[in-house]
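Working notes, beginning with the structure itself.
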Amino acid sequence: MIPPKQVQEILDATRIEEVVEDFVTLKRRGVNLIGLCPFHGERTPSFNVNPARNIFKCFGCGKAGDSITFLKEHENLTYPEALRWLARKYNIEIQEVERSPEQMAEAQLADSLYIVNDFGLQHFQKQLFETDEGKSVALSYFRKRGLREETIRAFGLGYAPDERDLLLRKAKSAGHNLDLLKKVGLCSQDGSRDFFRARVMFAIHNLSGKVAAFAGRTMHSSPPGGAGGVTVPKYINSPETEIYVKNKILYGAFQAKKAIRQQDECLLVEGYMDVISLYQAGIENVVASSGTSLTEGQLQLIRRNTTNLKILYDGDPAGIKAALRGLDLALEQDLNVKICLLPDGHDPDSYVQEFGGEQFLKYTTENAKDFIFFKTDLLLEETKGDPIKRAGLVKDIVGSIAKIPDTIKRSVYLRECSALLQVPEQALYSEANKLIANTLKKREEKAARQPGAASDVPPAAPTMRSGDEFFPSDMGGYFPPSEAGELPPDWETPRSSAPSVERNAGAEFQERDIVRLLILYGQHVLPEENITVGEYLLTDIEESLGDFDNPLYGKIASECHTMLAEGKVFDQHYFIQHESGDVANLAIDLLAEPWEFSPNWEAMWNYPLQNQPMPELNFTLDMRQALDRFKLRKVQKMCALNLARVQTASKSGDHEAMMRFMKIQQKLNETRNEIALRAGTVVLVK
Ligand SMILES: [Zn+2]
């Protein structure tokens, strides 16, 4: 462990421009440096480095952060690894605090397992390239499948000959420990023979390129169960170990990670040979989940490098249908999932071998279909003329859409699917809202069950109601009846008969709204202002930071304010990983919050969600409204407070005080009217 004092020393020494320049050519432009973004493919530079604030930001893909973030993202380092990297660069000698015996043992075990696997790799490669059997059986097999030598080497392919204990004997004479050989599965559990025999070998690398495991493909061509012989499994794999957790590894990820970032897309295929053939054809952003359906760990691995996932399927629709079920998990991770079916009889390997990389790209680009629409089409075909099945289909599709955390994306899908399914959009919204409400409820219940769950967190403003009143058509006013009581008597609030407005009635709704914008869009640059949403909001409400009614919201706003002053970057990830569980939970809730635009929008502007521009174009307006609502509420509070003072002074006959407070009241009323008129929230009848 690196002691905190040294962490600070390293961070103090670090210059963002010097770190970035190790990877990206930068040119000075004004106070900033700019270059081509290493995280997404671009021809004109939009990657900015700000030496004064010690941060970088790409205006193309939105990646931003400090030196640590840069190294974590660009080099796939962990936090401590990034610190060590910086320490080396700046010649700071780290005196590491001693690790616990358990940590030491764990690290040592992992190291030893990698060493044994590395021995295995060398052995299998030697057998492939340097022995007659290897050359005639395995090398010729790989060549027949179209692989060149450099590809074979890049993927650590090898050969395990048809011998009882060749590897075992060599490993022992090289001094390797038998227990470790058993543990990584290079020999049988009784230690008498090799585990992989008469197989071509595929090394499975972890993200940093170390061999975590092997897969062996049989060289026996007897059909399974054929001719009374023993059935040989086509592929066998190393067992799971401390260094090989199957559901966290994607085959080819090490070779593919750079290309995935550059192309901002990850291709997912089924087999090892698919990955290797595509890579050789110049399509390097490709990984395989090796047979199992995608796990959350694997999706996170992809998510760290891109949000775009294209899955290539071969085979029959029934098999594909089963595979689709697992994909809701990908939607939950906010990945954009596309599906591409290869022409009959082809898998990615055979297709690219026959037609070449260029044609492969053309085909997969032209034939990739958005997952939701793909699924809809597939199921529609199946339920033709069966209304009951059809109803199930609608539920199924909406179930998938409800998993998408991004509200705008969700509404686009609901609209499109309404047309495809010929079901009114409203009905789909209701169904989706029900599902989301259930999920949120479950999450809340789960959080409540957990010991130590914060009890002082205010309940989130109810964000939605299920059912048909979700998009009331005749919603007139904005202020819900429950809040009207706080308004001074000379105000008339148009009352809405639609009860659903109440969902925003939480006393701290306006504050929550500000915090929502800070967390969701704090880093977005306002097109006209050339400053971020965070900067805009916080400069505007600087004086009210101490006046938040809700301590949690106030805490977040103040923290953002401090961070801005210190030139630090805050974004969704910062809040999601916040050291305070309350803040992290709130961030997740806000991100998961459905229909964030709709209630206010519809109520205030009588402007249906469906006609709204996308949030990127929209948040300037969204933000100004949030500010107005926030300020309006503050002014209203002051009005009410001051009015009480006027009344008290009047009762006690203190004429002078009464006049003073009346004057203040007049000023407050003016301010209030001004904001209210701009916000269009209330109608003044005076
Ligand atoms: Zn970028």
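The opening position of the sequence shown corresponds to residue 4 in my numbering, with each subsequent residue numbered one higher.
Just so you know, even glycine gets a beta-carbon here, dropped at the ideal spot from N, CA and C.
For clarity, every value in this text was computed on a predicted model and none was experimentally measured.
| Asked | Found |
| --- | --- |
| If you measure between the beta carbons of K75 and H43, is that distance less than 9 Å? | no |
| Evaluate contact between the region 35-52 and the region 113-133, counting only Cβ atoms and requiring at least three cross-stretch pairs below 8 Å. | no |
| Taking contact to mean 3 or more Cβ pairs, one atom from each stretch, closer than 8 Å, check whether the region 381-392 and the region 357-365 are in contact. | no |
| Taking L438 and C420 to be in contact with their CB atoms under 8 Å, please state how far apart those CB atoms are, rounded to whole angstroms. | Actually they are not in contact, since the Cβ atoms of L438 and C420 sit about 14 Å apart, beyond 8 Å. |
| For a cutoff of 9 Å on Cβ pairs, would you count E109 as touching chain B? | The question asks about chain B, but that chain is absent: this structure has only one protein chain. |
| Considering only their Cβ atoms, is the gap separating L297 from L332 smaller than 9 Å? | yes |
| Rounded to whole angstroms, what is the Cα-Cα separation between L29 and H576? | 27 Å |
| Between the region 553-570 and the region 513-528, do three or more beta carbon pairs fall short of 8 Å? | yes |
| Pull up the distance between the alpha-carbon of I323 and that of D399, whole angstroms please. | 15 Å |
| Using only the alpha-carbon positions, how far apart do M222 and R46 sit? | 47 Å |
| Would you kindly work out how many angstroms separate the C-alpha atoms of N79 and L210, rounded to a whole number? | 8 Å |
| Are G123 and V203 touching if we call contact CB-CB under 9 Å? | no |
| Using alpha carbons as the reference points, say which of S547, E20 and L271 lies closest to A55. | E20 |
| Three-state secondary structure (DSSP) at A201? | coil |
| Could you check whether I678 and K695 sit closer than 9 Å to each other, using their CB atoms as the reference points? | In the structure displayed, the chain extends from 4 to 689; residue 695 sits before or after that span and is not available. |
| Return helix, strand or coil for I58, following the three-state DSSP convention. | strand |
| Suppose you measure from the CA of I375 to the CA of V23; what does that come to, to the nearest Å? | 39 Å |
| Which of the three DSSP states is assigned to D373 in this structure? | strand |
| My parser needs the beta strand (DSSP E) runs of 3 or more residues fully inside the region 104-190; what are they? | 160-163 |
| Pull every residue with its beta-carbon under 6 Å away from any heavy atom of ligand 1, and keep them in chain order. | C40, F42, H43, F50, C61, G63, C64 and K66 |
| Does C420 come out as helix, strand or coil in the three-state DSSP assignment? | helix |
| Provide the residue span of the alpha helix (DSSP H) that contains K260, from first to last. | A256 to Q266 |
| Label V34 either buried or exposed according to how many other C-beta atoms from any shown protein chain fall within 10 Å of its C-beta, with 16 as the threshold for buried. | exposed |
| Once the 5 residues before and after A291 are set aside, which same chain residues still bring their CB inside 8 Å of it? | L253, Y254, G255, L271, V272, E273, G274, Y275, D277 and V278 |
| For R328, tell me which candidate among K571, T379 and I305 has the shortest Cα-Cα distance. | T379 |
| What residue does the alpha helix (DSSP H) around V10 start on, and which one ends it? | P7 to A16 |
| Counting C-beta neighbours from all protein chains within 10 Å, is the total for D631 16 or more, i.e. buried, or is it exposed? | buried |
| According to the neighbour-count rule (16 or more other Cβ atoms, all chains shown, within 10 Å of its Cβ), is G656 buried or exposed? | exposed |
| Is it true that the CB of L183 sits closer than 9 Å to the CB of L171? | no |
| Taking all protein chains shown into account, do 16 or more other C-beta atoms lie within 10 angstroms of the C-beta of F26, making it buried, or fewer, making it exposed? | exposed |
| Taking contact to mean 3 or more Cβ pairs, one atom from each stretch, closer than 8 Å, check whether the region 91-100 and the region 131-150 are in contact. | no |
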